[in-house]
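Here's the structure, in C-alpha cells; my notes come after.
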Amino acid sequence: MPVRCTADAPGPVRTRGILAGRASAGRGPVPVRIRPEVEPLSSTRVDREAVRTREIAAEQEYVSKLYGKLDLLREETTRRLRETLGQTGGSPQARTERDISTRMYTERLTQLSAVEHGLCFGRIDQDDGETFHIGRLGLFDEDNDYEPLLIDWRAPAARPFYLATAAARDGVRLRRHLRTSWRQVRDFEDEILDLDAAEQGQDLGLAGEATLLARLDARRTGQMQDIVATIQAEQDRIIRAGLNGVLVVQGGPGTGKTAVALHRAAYLLYTFREQLTKRGVLVVGPNTTFLSYIGQVLPSLGETGVLLSTVGGLYPGITATGADSARTAEIKGRESMVKVLTAAVRDRQQVPKDHVEVTFDHEPLHLRKSDATAARAKARRSRKPHNLGRRIFRDAMFEALTTQVADRLGRDLLDRRDLDEIRQELRADAGVAAAVDALWPELTPTQVLDDLLSDATALRSAGRKHLDDDERAQLLRERGAAWTPADVALLDELAELLGEDDTQAQAERDRQQREELAYAQGVLHIMEQDEEIADEERLRVSDVLDAELLAERQGTRSDMTAAQRAAEDRTWTFGHVIVDEAQELSAMAWRVLMRRCPSRSMTLVGDIAQTGALGGASSWDEVLHPYVKDRWKLAELTVNYRTPAEIMDLAANVLSELDTDLAAPSSVRSSGHPPWTREVAERDLGTELVQAVSGELAEIGEGRLAVVVPPHLLERAGERLAAALPEQVVGTEPDDLESPAVVLAVEQVKGLEFDSVLVVEPAAITGETERGLNDLYVALTRATQRLGILHSAPLPAALR
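Residue numbering for the sequence shown follows the working numbering, starting at 1142 and increasing by one per position.
Rendered as C-alpha cells:
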C-alpha cells in the first residue's frame, strides 16, 4: 500500500473506489481513500517521523548532487558555445563546422535550462538491490564508467516507474514519488509493491496517489503543466505506443488526453530522434487560446523542435483573423467543396465565343474558338494542376497563331528556322501574350477564393451542382474580407488544384545543387590530401562519404529547426502529426492534415461526445475510412483525473441525452463542493453574475475562474464584469488565461481547465446550435473544484 510520509496531503479531496479489481487483473492498483490521519503522540509516530526526516535528507543530498551535475553541464555547454561564437573567418569547412556546433550547443543549453524545475521526481528500488532515480532527462557520471545518475523518463529503464503493480511488479520492490519545490525536496510517497514485504498493508493506491491528488488539487495558473511525475499506467501505454500508423485516443473530459498527446510527442522525439528530427512533429490544436495554454509543456520536457499550430495556421503568409458563423463554417468544411473549387478553377479556363482579335506586326490575328477548345482539351488531358497545365495551353495557342502567320506569309516560303522565329516573336508581343493569358490566366489561391466568395455569379456557376441558394448566400462576403480558419483549408485545396509554375525556381535550385556538389567534392579532396595526417592514420573519406551525400547534408543544414522550416513551407510533410480535439475537424481540414502526413504516422486525440462543430465527427471510422480504411488503432482513456465526482455526475446526465454510446469517464476524486444553480430574473442577471464571480474568486483564492457564456452574451458579460470588478482583473479576451477570471464562449474553453467554472444561461448554450448539448457537456466539465450555474431561462431537462 502507499506508505504516506507526507505533511500536506490534500484535505477535502478524496479518491473514489472506481478502479476496484484492477490490481488483481494486472491493470493497475486499486485506489484507497485519502483521509487525515489522527494519531495520538506515541513512540511509533516519533520513530516514523525520524525515519521520514532521514529519508528526506538522503533524497535531498542526492537531488543536490544531480543539480550540481546539471550546473556543470550548463557551464561547460555555455563555455563551448561562447568559444564557438568567438571563432571568425576560416575555410568554408571550418565555417560549416562552426554553424553546426553553434546550433548543437544552443539546443543543448535550452534543454538543460528547461528541466530546472522538477529535475528528479521519482525512484524505483528493484529486487536485486539496484536503485534508479527518474527525472526529466538522463544524467551520467563520466568519471565512473558513465554510470547513470538520473534516468530519462522516456527511457525503457524508466517504464516500470509508471507500469509496475503488485500483480506485475517487473522486478520493482518500491516506487517512490518525490515532491520538490525547485531544488528543495519537500516530501515523498512510497509504494511497496512486494506483497511479501513486511511493510505491505491491506490495499494498494493509485500510482503515486497522494502525489497525484496533490497535483490535481493545486491551483491553476493559466498555463498547462506537464504530468511527467504522475503519468498513470493507461496513459503510459498510449504515450509509448509505436510510431507507425494512426492511433486514435478516445477519452472523456479530464482523462488527460491533451497531456498524453504532448508527452507522446516528447517520447517519440526521444525514441525516434533520427527519423523525426529532419521532418519534425506537428501538434494541431483547436484554437490559438489552446496553443497558448499548452505552450510551456514541451519545453518543460526538454523539447523545443515541435510546431504547434491550428489548421488555420498551416498556410504560410495567411493569418486567419476572421470568423464564420457555425453554419458557414460547416458548409466550407464539406468535402463537396473540393468539387466547387475544381469547378471554380475550370471556369477560369475559357474559350472565346467565336474569336478574339489581336494585332501582330500591324496585321490582325484571331484567337479562334476551335483552336482554344483544342488547346484547353489538351491541357486538361495532361491532368496537371492549372498553372502547370497553362504552359501546355499557351504552347498550343502560340502554335496555332504561328500557323496563322505562316499561312499569311506563305508557308511554302518558310523553313523551320523561320517558324521558330515567328513563334518567339509572338510570345514576346505583349498584346498577343495578354490575350492568350486572359483565356488561361496564372492564378493564386487567394485570388481565386476571394473572387469566388465575393461574386454571386461565379459562386452560382461553380456551386450549381453542390450548393443550394441558401448555402450560396451563406458563403457570400465582401471582397477582401479577413480570412477565416475555414478559408485556410479551401486555400490549401486551391494550392493543390492550381500548382505553381516553378520553372525558374527549379533552375535556380539546380544551379545551387551544382555549386554544392562542386564544393563538396573540393572539401573531400582537401580532407584526403591533408598532410598533417600520417599516411597510416589517414581516413579515406570517400570510402564512407561520397560528394553527393555530403552535398545533400550541406543542402539540408540550416540554422532553423525542422519546425521553423515547416512553418514557412506549405508543402512540408511531417514525420508525425498529433491532433488534439480531433473530433472538431471538418472533412476539408482532414484533407489538409493528410497532405501534411503522407506516411499516416498520426496520433488523434479527442472525444466524440464533445463534438461541437456542425461539421465535426460523429464517429472515428467516418473520419478515417477514406484515408486508411480500417487500418487504425483505438486506445481509450477511462479515468477522469480532473473533474470531481459531484460535477461529473451532473455532466453524465447531459451525456446520456446525446446520440452516443459513450460512457462518462469515472472520476477518481470528490471535491466536497456540489454544483450549485441559481435562478434569477433576466433583468437581474448582470448584477447576479458580478456577485457570483466575486464570490467564486473569494472561494478559490489564487486559482482561476472561467465564466462560460453563450456567444451572444460574450461581449456584454465581459464588459460588465471588467467594469464592476476592476480589482479582480477579469479577462475579456481568449488569451487572458492568466487573469484570475476570464469570460469565454464554449468553443474557446475546449481543452482548458479552471479551478472554478460559472456557466451562464445553459438553455441558450444548448439552443444556439444543433450540437448545443455537446457544448453544454464541454462547459460543465472544465472545472477541477467548483461549478456554478446561473440562469434566467428554465434549465435544460438534463440539469433539472
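For each residue, glycine too, the CB sits at the ideal point set by N, CA and C.
Being a predicted model, the structure only gives us computed values, none of them experimental.
- Item | Closest residue to GLU1823 among LEU1253, ARG1264, GLU1902 and TYR1918 (Cα-Cα distance) | GLU1902
- Query: Applying the criterion that 16 or more other CB atoms from any shown protein chain within 10 Å of the CB defines a buried residue, is VAL1192 buried or exposed?
  - Reply: exposed
- Message: For a test of the three-state rule: what should DSSP assign to SER1797, helix, strand or coil?
- Response: helix
- Cβ-based neighbour list, GLY1859, same chain, cut-off 7 Å, excluding 5 preceding and 5 following: THR1873 and VAL1884
- Item | Close Cβ partners of VAL1326 (< 8 Å) along its chain, the five nearest in sequence each way excluded | ILE1197, GLU1200, GLN1201, VAL1204, LEU1319 and ARG1320
- Item | Three-state secondary structure assigned by DSSP to ASN1781 | strand
- Report the residue from PHE1302, ASP1331 and VAL1387 whose alpha carbon sits nearest the alpha carbon of ASP1377. PHE1302
- Task: Would you please state the rounded distance, in angstroms, between the beta carbons of VAL1795 and ALA1939? I believe it to be under 8 Å.
- Result: 4 Å
- Query: What residue does the beta strand (DSSP E) around MET1743 start on, and which one ends it?
  - Reply: 1743–1747
- Using 8 Å as the threshold, is the stretch 1585–1593 in touch with the stretch 1485–1502, meaning 3 or more CB pairs across them? yes
- Out of curiosity, what's the CA-to-CA distance linking ASP1293 and ARG1264? 12 Å
- Can you give the beta carbon distance from LEU1638 to HIS1527, rounded, assuming they're within the 8 Å contact cut? 6 Å
- Message: With a threshold of 7 Å on Cβ separation, who are the neighbours of GLU1100 within its own chain once the five nearest residues in sequence on each side are excluded?
- Response: The question about residue 1100 has no answer, for the chain in this structure spans 1142 to 1941.
- Item | the stretch 1464–1481 / the stretch 1751–1769 touching (three or more Cβ pairs under 8 Å) | yes
- Query: In the structure shown, what three-state DSSP assignment does TRP1731 receive?
  - Reply: helix
- Message: What ranges does the beta strand (DSSP E) occupy inside the stretch 1204–1288, keeping only unbroken runs of at least 3 residues that lie completely in it?
- Response: 1261–1267, 1272–1276 and 1280–1282
- Query: With 16 other CB atoms within 10 Å as the buried threshold, where does ALA1804 fall?
  - Reply: exposed
- State whether the stretch 1764–1781 contacts the stretch 1380–1400, with contact taken as three or more CB pairs (one from each stretch) at a distance under 8 Å. yes
- Message: Rounded to whole angstroms, what is the Cα-Cα separation between ALA1750 and ASP1771?
- Response: 21 Å
- Query: If you pair each beta-carbon of the stretch 1268–1284 with each one of the stretch 1378–1388, do three or more pairs fall below 8 Å?
  - Reply: no
- Task: Given a cut-off of 8 Å, decide if ILE1906 and ASP1916 are closer than it, judged by their beta-carbon atoms.
- Result: yes
- Message: With a threshold of 8 Å, are at least 3 pairs of Cβ atoms found where one atom belongs to the stretch 1702–1717 and the other to the stretch 1442–1461?
- Response: yes
- Alpha carbon of ARG1295 to alpha carbon of SER1933, nearest angstrom: 51 Å
- Task: Would you kindly check if the distance between the Cβ of ALA1305 and the Cβ of LEU1280 is under 8 Å?
- Result: no
- Check whether the stretch 1717–1727 touches the stretch 1421–1435, taking contact to mean three or more Cβ pairs, one atom from each stretch, closer than 8 Å. yes
- Compare the C-alpha of VAL1256 against each of VAL1369, VAL1452 and ALA1597 and name the closest. VAL1369
- So which of GLN1267, GLU1837, ALA1786 and TRP1581 has the shortest CA-CA distance to ALA1516? TRP1581
- Candidates ASN1285, VAL1438 and LEU1226: which alpha carbon is nearest THR1243's? LEU1226
- Item | Option in PRO1767, CYS1738 and ARG1613 with minimal Cα separation from ALA1728 | PRO1767
- Message: With a threshold of 7 Å on Cβ separation, who are the neighbours of PRO1586 within its own chain once the five nearest residues in sequence on each side are excluded?
- Response: LEU1632, LEU1635, ALA1636 and LEU1639
- Task: May I ask you to report which of helix, strand or coil DSSP gives LEU1319?
- Result: strand
- Taking LEU1207 as the reference, which of ALA1571, SER1466, THR1801 and LEU1290 has the closest Cα? LEU1290
- Within the same chain, show all residues whose beta-carbon is closer than 6 Å to that of THR1462, passing over the 5 residues directly before and after it, in chain order. ALA1623
- Task: Using beta-carbon positions only, say whether ILE1563 and VAL1577 come within less than 8 Å of one another.
- Result: no
- Message: Under 8 Å, with one C-beta from each stretch per pair, do the stretch 1207–1226 and the stretch 1237–1251 reach the 3-pair mark?
- Response: yes
- Item | Simplified DSSP assignment, three categories, for LEU1455 | coil
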